[in-house]
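K.L.:
In my numbering, the protein residues as written are 537 to 920. Each residue gets a CB set at the ideal place from its N, CA and C atoms; glycine is no exception. Below is a structure I'd like to ask you about.
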């Protein structure tokens with residue numbers, strides 16, 4: 537018996553086992569075909585470049601982004617759709633990149649914490665900046681400044697103004713989450729919870745990420761429910777909550793969150809699925825074993841192809857199952873669909889006649905015919 541797992545671009549993972557009882561057979565066989573990706577240099581425009589207070593990290597990098605090589609290898613036309621907008625964006629990027637007076641090209645965060653007086657003195661040196669604190673925090677985030685340096689600025693602002701604005705708390709929280717300073721994250725969480733009835737989705741996401749690997753991980757479940765009320769929750773929010781549950785041996789809760797996530801039509805990240813196979817080995821519980829196999833079925837049914845990291849976790853998970861003697865190895869596939877390692881044939885990607893009829897009827901019923909929204913939502917009118 538073989539279990540085949542297609543891996544992107546170069547190899548396939550083949551898991552084979554010694555003969556076992558039919559009750560232990562896992563009959564799912566993954567489709568096998570090479571997944572190739574056409575690689576083009578596609579880059580998004582950083583919105584920070586349009587803000588006069590945002591740092592340009594490397595002017596040479598910006599020039600590279602705005603060069604002619606960025607476009608597809610087609611003859612340039614000044615009248616092509618979108619060309620005018622693209623030229624305007626490129627000109628803006630070049631202007632910002634060449635601006636040596638850009639705030640974050642001038643302002644750099646200190647290496648050590650400063651006192652309130654020292655911060656005021658530094659602010660006077662850059663008094664031509666309207667929002668010195670905003671520029672400084674942005675620079676700290678960019679340069680990954682230590683938490684104590686950022687905290688010293690926050691304390692100085694609190695002494696001067698008697699309060700700290702919401703956006704500065706979020707910026708400081710970003711620095712704390714990056715450095716995984718659990719104590720500071722929890723303090724900021726309590727401050728924000730006391731001051732504000734509701735937060736932005738980005739702040740909730742930071743708190744969920746920061747608290748997931750802490751003794752306060754159950755707070756992430758409360759925050760997840762809150763973020764659902766203010767915005768669309770993301771797969772990253774669920775992934776962080778799942779990580780917190782698995783780190784604290786709450787495997788059943790983690791699987792509940794996974795199924796809730798799938799029910800919300802959110803595709804779990806590969807790193808999230810990897811967590812299940814990492815934390816559920818060695819396999820000691822048939823119930824959890826079946827739940828992990830359900831994840832494999834999910835990958836198969838949705839044609840999601842694991843990366844190398846997830847592949848290795850799945851391999852180790854299979855090999856940790858007692859009394860089944862799984863052994864995994866890497867092999868290259870040929871056009872015959874037959875595994876050169878164990879000799880089994882992989883599932884064909886072509887639809888059978890029955891599958892084709894089912895898909896055809898479903899598309900006809902759900903897409904072509906559809907549902908009459910007007911008739912279902914309009915009041916009934918009777919004509920006498």
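To the nearest angstrom, how far is it from the Cα of residue 709 to the Cα of residue 752?
P.N.:
Sequence index remark: in the chain shown, residue 709 carries index 173 (1-based). Sequence index remark: in the chain shown, residue 752 carries index 216 (1-based). Those two C-alpha atoms are separated by around 16 Å.
K.L.:
If contact is defined by three or more beta carbon pairs under 8 Å, each pair taking one atom from either stretch, is the region 859–879 in contact with the region 827–843?
P.N.:
The region 827–843, when compared against the region 859–879, does not touch it at the 8 Å Cβ threshold.
K.L.:
In its own chain, which residues sit with a C-beta less than 6 Å from the C-beta of residue 825, not counting the 5 before and 5 after it?
P.N.:
Position 289 of the chain shown holds residue 825. Hits under 6 Å: 819.
K.L.:
Mapping the DSSP letters down to three states, classify residue 906 as helix, strand or coil.
P.N.:
Stepping through the chain shown from its first residue, residue 906 is reached at position 370. Looking at residue 906 - three-state DSSP - the assignment turns out to be coil, as it is neither helix nor strand.
K.L.:
From this set, 834, 754, 823, 705, which residue's C-alpha is nearest residue 809's C-alpha?
P.N.:
Within the chain shown, residue 809 is the residue found at index 273, counting from 1. The shortest C-alpha separation from residue 809 is found at 834.
K.L.:
Quick check: what's the CA-CA separation for residue 696 versus residue 755?
P.N.:
Indexing the chain shown from 1 puts residue 696 at position 160. Indexing the chain shown from 1 puts residue 755 at position 219. Spanning the two alpha carbons is a distance of roughly 32 Å.
K.L.:
Taking just the CA atoms, how far does residue 720 sit from residue 727?
P.N.:
By 1-based counting over the chain shown, the position of residue 727 is 191. By 1-based counting over the chain shown, the position of residue 720 is 184. Whole-angstrom Cα-Cα distance: 11 Å.
K.L.:
According to the Cβ coordinates, are residue 771 and residue 802 closer than 8 Å?
P.N.:
Position 235 of the chain shown, counting from 1, holds the residue named residue 771. Position 266 of the chain shown, counting from 1, holds the residue named residue 802. Against a cut-off of 8 Å, the Cβ pair of residue 802 and residue 771 comes out as a contact.
K.L.:
Please report how far the alpha carbon of residue 860 lies from the alpha carbon of residue 822, in whole angstroms.
P.N.:
Taking the first residue of the chain shown as position 1, residue 860 is located at position 324. Taking the first residue of the chain shown as position 1, residue 822 is located at position 286. Roughly 13 Å separates the two Cα atoms.
K.L.:
Does the Cβ-Cβ distance between residue 836 and residue 816 come in under 8 Å?
P.N.:
Counting from 1 along the chain shown, the entry for residue 836 is found at position 300. Counting from 1 along the chain shown, the entry for residue 816 is found at position 280. No, they are not a contact pair.
K.L.:
Tell me the residue span of the alpha helix (DSSP H) that contains residue 753.
P.N.:
For this step, residue 753 is matched to residue 217 along the chain shown. Note, residue 753: premise wrong, no alpha helix (DSSP H); not H, not E.
K.L.:
My output table needs one value for residue 485: the three-state DSSP class, helix, strand or coil.
P.N.:
Since the first residue of the chain shown is 537 and the last is 920, residue 485 is not available in this structure.
K.L.:
Measure the Cβ-Cβ separation of residue 814 and residue 849 and say whether it is below 8 Å.
P.N.:
Position 278 of the chain shown, counted from the first residue, corresponds to residue 814. Position 313 of the chain shown, counted from the first residue, corresponds to residue 849. In this structure, residue 849 lies closer than 8 Å to residue 814 by Cβ.
K.L.:
Just to confirm, are residue 692 and residue 652 a CB contact at a threshold of 8 Å?
P.N.:
The residue given as residue 692 occupies position 156 in the chain shown. The residue given as residue 652 occupies position 116 in the chain shown. In this structure, residue 652 lies closer than 8 Å to residue 692 by Cβ.
K.L.:
For the ligand MN, I want to know if residue 738 counts as a neighbour, meaning its beta carbon is within less than 7 Å of at least one of the ligand's heavy atoms.
P.N.:
The ligand MN is absent from the structure shown, which contains no ligand whatsoever.
K.L.:
Can you pull the DSSP bridge partners for residue 654?
P.N.:
Taking the chain shown and counting its residues from 1, one reaches residue 654 at position 118. Its beta-bridge partners do not exist; DSSP assigns none.
K.L.:
Can you tell me whether residue 804 is buried or exposed, with buried defined as 16 or more other CB within 10 angstroms of its CB?
P.N.:
As a position in the chain shown, residue 804 is number 268, starting the count at 1. Residue 804 is buried by the Cβ-count criterion.
K.L.:
Using CA coordinates, which residue listed in 711, 799, 698 is at the minimum distance from residue 675?
P.N.:
Residue 675 sits at position 139 when you count from the first residue of the chain shown. Selected option, being the one with the closest Cα: 711.
K.L.:
Once you ignore the five residues that flank residue 683 on each side, which residues in its own chain have a CB closer than 8 Å to its CB?
P.N.:
The residue you call residue 683 lines up with position 147 of the chain shown. Hits under 8 Å: 711, 712, 715, 717, 720.
K.L.:
At the level of alpha carbons, what is the spacing between residue 904 and residue 889?
P.N.:
Start at 1 with the first residue of the chain shown, and residue 904 comes out as number 368. Start at 1 with the first residue of the chain shown, and residue 889 comes out as number 353. About 21 Å.
K.L.:
Hey, which unbroken runs of the alpha helix (DSSP H) at 4 residues or more fall wholly within the region 673–709?
P.N.:
Those alpha helix (DSSP H) runs which fall completely within the region 673–709 and span 4+ residues are 683–697.
K.L.:
Can you give, in chain order, each stretch of the alpha helix (DSSP H) that sits fully within the region 773–847 and has at least 4 residues?
P.N.:
Segments of the alpha helix (DSSP H) lying fully in the region 773–847: 787–799, 806–815, 822–837.
K.L.:
Restricting to Cα atoms, I'd like to know which of 749, 812, 670, 725 is closest to residue 795.
P.N.:
Here the question's residue 795 lines up with position 259 in the chain shown. Residue 812 is the option with its Cα nearest to residue 795.
K.L.:
Figure out for me which residue from 748, 644, 884, 762 has the closest Cα to the Cα of residue 734.
P.N.:
As a working note, residue 734 is residue 198 in the chain shown. The shortest C-alpha separation from residue 734 is found at 762.
K.L.:
What is the rounded straight-line gap between the Cα of residue 868 and the Cα of residue 887?
P.N.:
Residue 868 sits at position 332 when you count from the first residue of the chain shown. Residue 887 sits at position 351 when you count from the first residue of the chain shown. Cα-Cα distance, rounded: 24 Å.
K.L.:
Just confirm the distance between the C-beta atoms of residue 736 and residue 704, as a whole number of angstroms; I'd bet it's less than 8 Å.
P.N.:
On the chain shown, residue 736 is found 200 positions in, with the first residue counted as 1. On the chain shown, residue 704 is found 168 positions in, with the first residue counted as 1. Not a contact, Cβ separation roughly 14 Å.
K.L.:
I think residue 777 touches residue 757, with their Cβ atoms under 8 Å apart; what is that distance to the nearest whole Å?
P.N.:
The sequence position of residue 777 within the chain shown is 241, counting from 1. The sequence position of residue 757 within the chain shown is 221, counting from 1. Confirmed, Cβ separation roughly 6 Å.
K.L.:
Helix, strand or coil for residue 897 per DSSP?
P.N.:
On the chain shown, residue 897 is found 361 positions in, with the first residue counted as 1. Of the three classes helix, strand and coil, the one that applies to residue 897 here is helix, per DSSP.
K.L.:
For a quick check, are the C-beta atoms of residue 780 and residue 749 less than 8 Å apart?
P.N.:
Position 244 of the chain shown, counted from the first residue, corresponds to residue 780. Position 213 of the chain shown, counted from the first residue, corresponds to residue 749. Their beta carbons are under 8 Å apart, which means residue 780 touches residue 749 by this criterion.
K.L.:
For residue 563, does the count of other Cβ atoms within 10 angstroms reach 16, so buried, or fall short, so exposed?
P.N.:
The residue labelled residue 563 in the question sits at position 27 within the chain shown. With a pLDDT of 35 at residue 563, under the threshold of 50, the predicted position of this residue should be treated as unreliable, and no value is reported.
K.L.:
Would you tell me roughly how many angstroms separate the C-alpha atoms of residue 543 and residue 891, rounded to the nearest one?
P.N.:
Taking the chain shown and counting its residues from 1, the one referred to as residue 543 is at position 7. Taking the chain shown and counting its residues from 1, the one referred to as residue 891 is at position 355. Below a pLDDT of 50, predicted positions are generally treated as unreliable, and residue 543, at 47, falls in that range; no measurement from the model is reported.
K.L.:
Is it true that the CB of residue 672 sits closer than 8 Å to the CB of residue 645?
P.N.:
Numbered from 1 along the chain shown, position 109 holds the residue referred to as residue 645. Numbered from 1 along the chain shown, position 136 holds the residue referred to as residue 672. Yes, Cβ-Cβ distance for residue 645 and residue 672 is below 8 Å.
K.L.:
Counting along the chain, where does the alpha helix (DSSP H) carrying residue 722 start and finish?
P.N.:
Here the question's residue 722 lines up with position 186 in the chain shown. Residue 722 -> alpha helix (DSSP H) spans 718–731.
K.L.:
Quick check: residue 739 and residue 706, are their CB atoms within less than 8 Å of each other?
P.N.:
Within the chain shown, residue 739 is the residue found at index 203, counting from 1. Within the chain shown, residue 706 is the residue found at index 170, counting from 1. Yes; because the gap between Cβ atoms is below 8 Å, this pair is in contact.
K.L.:
For residue 784 and residue 681, what's the separation of their Cα atoms in angstroms?
P.N.:
Mapped onto the chain shown, residue 784 falls at position 248. Mapped onto the chain shown, residue 681 falls at position 145. So the alpha carbons of these two residues sit roughly 30 Å apart.
K.L.:
Since residue 889 sits in a beta bridge, which residues does DSSP pair it with?
P.N.:
Along the chain shown, read from residue 1 onward, the residue named residue 889 stands at position 353. None; residue 889 has no bridge partner.
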